[in-house]
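Residue 555, in the UniProt record's numbering, is where the sequence shown stops; the numbers in between run on with no holes.
Ideal Cβ positions, reconstructed from N, Cα and C, are used throughout, including at glycine.
Inspection log for the structure reproduced underneath, given as structure tokens.
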Amino acid sequence: MSLLESVLSRDFNVSTADLDKARSFQAKYHGTLEGILVSMGSLSSEMLPAVYSRVLGLPVLQEQDVSDWLPSPEWGEQFQLNALLVCGWVPFSVSDEHVVFATTNPLAKDALEILSDLKNDFTVVVCSTEHFNQLKLKVEQLSVPEGVSGLTSVEEARLRELASEAPTVNLLNALVNRAIRMRASDMHVEPSALGARIRFRIDGVLQEVESIPQRLVLPLVTRLKILSEMDIAERRRPQDGKIEMRVAGSDLDIRVSALPLNDGESVVMRFLRKDAIQYDMAALGISEDVQQQILQDIQTTSGVILLTGPTGSGKTTSLYTFLHRLNQPGVKIITLEDPVEYQLPGINQVQVQSDIGFDFAAGLRSIVRQDPDIIMLGEIRDKETARIAMQSALTGHLVFSTVHTNDAASAYTRLLDLGVEEFLLNAALVSIVAQRLVRHLCLHCAEPMAEGMQNEIRQRYELQGIADRFNGSRLQLKNAKGCDHCNGTGYRGRIAIIEYLRCDEAIRQLPKNENFLSEAKQLNQARGGRDLLQDGLLKVILGQTTIEEVLRVAG
Numbered sequence: 001m002s003l004l005e006s007v008l009s010r011d012f013n014v015s016t017a018d019l020d021k022a023r024s025f026q027a028k029y030h031g032t033l034e035g036i037l038v039s040m041g042s043l044s045s046e047m048l049p050a051v052y053s054r055v056l057g058l059p060v061l062q063e064q065d066v067s068d069w070l071p072s073p074e075w076g077e078q079f080q081l082n083a084l085l086v087c088g089w090v091p092f093s094v095s096d097e098h099v100v101f102a103t104t105n106p107l108a109k110d111a112l113e114i115l116s117d118l119k120n121d122f123t124v125v126v127c128s129t130e131h132f133n134q135l136k137l138k139v140e141q142l143s144v145p146e147g148v149s150g151l152t153s154v155e156e157a158r159l160r161e162l163a164s165e166a167p168t169v170n171l172l173n174a175l176v177n178r179a180i181r182m183r184a185s186d187m188h189v190e191p192s193a194l195g196a197r198i199r200f201r202i203d204g205v206l207q208e209v210e211s212i213p214q215r216l217v218l219p220l221v222t223r224l225k226i227l228s229e230m231d232i233a234e235r236r237r238p239q240d241g242k243i244e245m246r247v248a249g250s251d252l253d254i255r256v257s258a259l260p261l262n263d264g265e266s267v268v269m270r271f272l273r274k275d276a277i278q279y280d281m282a283a284l285g286i287s288e289d290v291q292q293q294i295l296q297d298i299q300t301t302s303g304v305i306l307l308t309g310p311t312g313s314g315k316t317t318s319l320y321t322f323l324h325r326l327n328q329p330g331v332k333i334i335t336l337e338d339p340v341e342y343q344l345p346g347i348n349q350v351q352v353q354s355d356i357g358f359d360f361a362a363g364l365r366s367i368v369r370q371d372p373d374i375i376m377l378g379e380i381r382d383k384e385t386a387r388i389a390m391q392s393a394l395t396g397h398l399v400f401s402t403v404h405t406n407d408a409a410s411a412y413t414r415l416l417d418l419g420v421e422e423f424l425l426n427a428a429l430v431s432i433v434a435q436r437l438v439r440h441l442c443l444h445c446a447e448p449m450a451e452g453m454q455n456e457i458r459q460r461y462e463l464q465g466i467a468d469r470f471n472g473s474r475l476q477l478k479n480a481k482g483c484d485h486c487n488g489t490g491y492r493g494r495i496a497i498i499e500y501l502r503c504d505e506a507i508r509q510l511p512k513n514e515n516f517l518s519e520a521k522q523l524n525q526a527r528g529g530r531d532l533l534q535d536g537l538l539k540v541i542l543g544q545t546t547i548e549e550v551l552r553v554a555g
């Protein structure tokens, strides 16, 4: 029997049977023996300080010591304070030569690892969970309170000062410049107990690029909130803001979102480069045969053209491309968006303001009275918006919009689920385009696939049949290698894979029942259409992307 078990049995009346159960549980699930006994109800948590004191010979913190204690502002820079608090440790007394820590768990390995580089000698006093929470609260109130009281004027001034100091300003500028240089669409600042990690989303995939120390996290987040005109004292609710700046000769809009977490605030910056978007179907990667079908559709004078796909699949960019094609002096185009991402010259763009009741449905009713020729709705979210959109199409407007579905035919079932009558859909819908984005192979380092692997891939995915059916080209399968131009990923840029469904008489006559999706797919295949996977495989055949990338997105 260990010393701990002897003390528990002798001094705290823990039975042998309970000790046996706790040992058995520990062997199976790990954890500390004393913690398991507390969970079993065999030992009171209030007795833990006394247990540690008897076993380890440590002093116990007294009530009077807790009530009189005040932390020092310098401790945040001297110690990894947040990480220690997570481990149940807090500095209690600090001098040049010696530090005393108060803790509920003197054997915490994580805390001992954090303190392994500490130059000062240190000792430990044991405290109850209640006393530790009192100490922790004083530390949090000293830095940035998260309670209802918010920040005092002095604390807010100090926080603004930290956010304006050179290390913080230089760090943010360096990160933004690096993100733009690496063609990132988003930058994520994600706090943890030990600091924060910085991740860029490049070609749709997150890559970790940097870790920053704890002492710089709060100043960095505060600077972002100041620049985007958020409330720096509000750390309990999500906030959104916007930054406009010029970076490396380019005008940049940055949408900023702050979300409270247990370890701080996660901040995501979305970069909208005004000179980066290309309004060209070929540049988007839309195949020539699909381009021709879409061009026929957008020349019609009325009807609804829908784009479907998840968030981040390029639907808005495709819609802007269609509108750019139709933007002529004799045509009035109005868009209703949430938010307006890019300014399009010659087009009337309206921002949804849900907080004042100006949602998509209300905005669409107002837009119709403005005598537009073409209407673009950012998204169809509810029955009323859907019905007004369909009715607008029947009264002579060409309407573009998006819905969130997995494929083209599912847009019918989605709108029916919203409560739109089938006759309205049959009368209004012109075509539905389902879209995803896959990464394009880097032109500088892509290499031909080995002959043996080509044969295996060709047979497994029936690539020759797809090539013969859709364009008759020979197979040009390639691998992603990686070089300086693509940051070692093997990919640079993204292209769209498309499923196009024309809503013609044959589709309208199909019953919109449980068999509709499979029947619509069969009909589309029979008349030469292809689904998302087949379109992706066609781009693999052309050497534009890889099998792995297509399966990741559409497999």
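Boundaries of the alpha helix (DSSP H) in which residue i is found, first to last residue
i	result
residue 465	463–470
residue 296	288–298
residue 413	410–418
residue 453	451–460
residue 434	Looking at the DSSP string, residue 434 is not in any alpha helix (DSSP H); the run it does join, the beta strand (DSSP E), is 429–441.
residue 68	63–68
residue 549	547–554
residue 47	Premise fails: residue 47 is in no alpha helix (DSSP H) and is neither H nor E.
residue 223	214–227
residue 365	360–368
Rounded straight-line distance, which links the Cα of residue j to that of residue i
i	j	result
residue 92	residue 480	55 Å
residue 147	residue 232	With a pLDDT of only 36 at residue 147, under 50, the local geometry of the prediction cannot be trusted, and the value read off the model is given with reservation. Roughly 14 Å between the two C-alpha positions.
residue 550	residue 537	7 Å
residue 471	residue 286	14 Å
residue 69	residue 135	8 Å
residue 578	residue 263	The requested residue 578 is not part of the displayed model; the chain covers only 1 to 555.
residue 125	residue 95	16 Å
residue 425	residue 288	28 Å
residue 240	residue 259	9 Å
residue 313	residue 101	51 Å
residue 181	residue 267	20 Å
residue 507	residue 237	47 Å
residue 106	residue 22	20 Å
residue 535	residue 389	29 Å
residue 81	residue 170	24 Å
residue 242	residue 311	20 Å
residue 278	residue 467	28 Å
residue 27	residue 36	11 Å
Minimum Cβ-Cβ distance from residue i to chain B less than 8 Å
i	result
residue 169	Looking at the structure shown, chain B is missing, and only one protein chain is on hand.
Run of the beta strand (DSSP E) containing residue i, from where it starts to where it stops
i	result
residue 320	Careful: residue 320 lies outside any beta strand (DSSP E), inside the alpha helix (DSSP H) at 315–326.
residue 348	348–351
residue 496	491–502
residue 261	250–261
residue 239	239–247
Beta-bridge pairing of residue i - partner residues as DSSP gives them
i	result
residue 303	398
residue 155	Partner(s): none; residue 155 has no beta bridge.
residue 191	196
residue 377	336
residue 421	Residue 421 is not bridged to any residue.
residue 447	479
residue 98	121
residue 206	201
residue 184	202
residue 268	188 and 257
residue 103	89 and 126
Cβ separation of residue i and residue j, assumed to be a contact under 8 Å, to the nearest whole Å
i	j	result
residue 352	residue 360	6 Å
residue 176	residue 66	About 44 Å separates the two Cβ atoms, so there is no contact after all.
residue 304	residue 429	5 Å
residue 174	residue 271	Contact doesn't hold; Cβ gap of about 15 Å is too wide.
residue 19	residue 8	7 Å
Sequence-distant residues of its chain with Cβ nearer than 7 Å to residue i (five each side left out)
i	result
residue 149	Its pLDDT being 38, under 50, residue 149 is placed unreliably by the model, and nothing is read from it.
residue 273	250 and 252
6 Å Cβ shell around residue i - same chain, five flanking residues per side excluded
i	result
residue 488	482
residue 373	331 and 332
residue 219	162, 163 and 168
residue 199	188, 206 and 208
residue 203	439, 491 and 494
Chain-order list of residues whose beta-carbon lies under 8 Å from that of residue i (same chain, five-residue window excluded)
i	result
residue 121	97, 98 and 99
residue 354	338
residue 476	448, 541, 542 and 543
residue 378	316, 335, 336, 337, 338, 352, 360, 401 and 402
residue 117	none
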